[in-house]
Amino acid sequence: EGRVEVYHDGKWGTICDDQWDDRDAEVVCRQLGLSGTPKALSWAHYGQGSGPILLDEVQCSGNELSLDQCKKSDWGQQNCDHIEDAGVSCDPFTVVRRLLLFSPAECCPFPLPPLAEGTVRLAGGRSPGEGRVEVYYNGDWGTVCDDGWTDLSAQVVCRQL
């Protein structure tokens with residue numbers, strides 16, 4: 026969790042929170058390789074940055090692999106002050122990992138949040154980092170067909186874990 030900063034054209038800068046929402050946070054968490062429940066935070070929740078404000082009006086659908094794929098203002102085009110710096114929390118990604126590796130009775134003496142549609146897990150592997158890809162959908166776990174499966178597909182799954 027923290028203030029979101031991006032590197033562009035040789036410099037680091039912040040993102041303005043205009044239009045900033047949980048779908049944008051979802052992309053940031055994915056880009057950082059973190060899963061869990063993404064939460065967008067506004068009004069410099071994690072403190073004001075310094076230097077340039079590089080992005081404004083970010084509007085992700087939530088499915089992009091990086092912020093660069095989202096609709097946004099041109100780099101450096103903004104009407105903000107640092108009091109509007111955008112932040113993101115990707116927690117509690119550790120709870121999601123525990124849920125995928127253990128049954129609730131084994132790991133957690135408290136009720137777990139319901140699984141989100143599209144949650145992925147690996148099953149049948151020799152370690153937690155390998156196995157058959159399964160997706161939670163409509164209350165059940167299902168497998169993924171390998172037609173068209175590429176290294177990029179595997180990278181997306183690894184980011185979600």
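With positions in the sequence shown counted from 1, the corresponding number in our numbering is that position plus 25.
Don't be surprised by glycine CBs; every beta carbon is placed ideally from N, CA and C.
Inset, instruction - Pair every Cβ in the region 31-43 with every Cβ in the region 72-84, then say whether three or more of these pairs are closer than 8 Å. - result: yes
Inset, instruction - Express the C-alpha separation of Gly-143 and Tyr-162 in angstroms, rounding to a whole number. - result: 6 Å
Inset, instruction - Pick out whichever of Asp-49, Asp-47 and Gln-56 has its Cα sitting closest to the Cα of Arg-184. - result: Gln-56
Legend entry - Candidates Trp-166, Ser-67, Val-160 and Asp-165, of which the one nearest Val-181 by Cα: Val-160
Legend entry - Where Cys-170 falls, given that 16 or more other Cβ within 10 Å makes a residue buried: exposed
Inset, instruction - Classify Arg-157 as buried or exposed, calling it buried when 16 or more other Cβ atoms lie within 10 Å of its own Cβ. - result: exposed
Inset, instruction - Can you tell me which of the three DSSP states His-107 falls into? - result: helix
Inset, instruction - Could you tell me which of Arg-28, Asp-99, Asp-49 and Ser-91 sits nearest to Tyr-71, measuring between CA atoms? - result: Arg-28
Legend entry - Per-residue burial, Arg-146 [other beta carbons within 10 Å of its own, 16 or more giving buried]: buried
Legend entry - Residues near His-33 in its chain [Cβ-Cβ closer than 6 Å; skip 5 each side]: The beta carbon of His-33 sits closer than 6 Å to the beta carbons of Leu-79 and Trp-100 from its chain, once the five residues preceding and following it are set aside; these are given in chain order.
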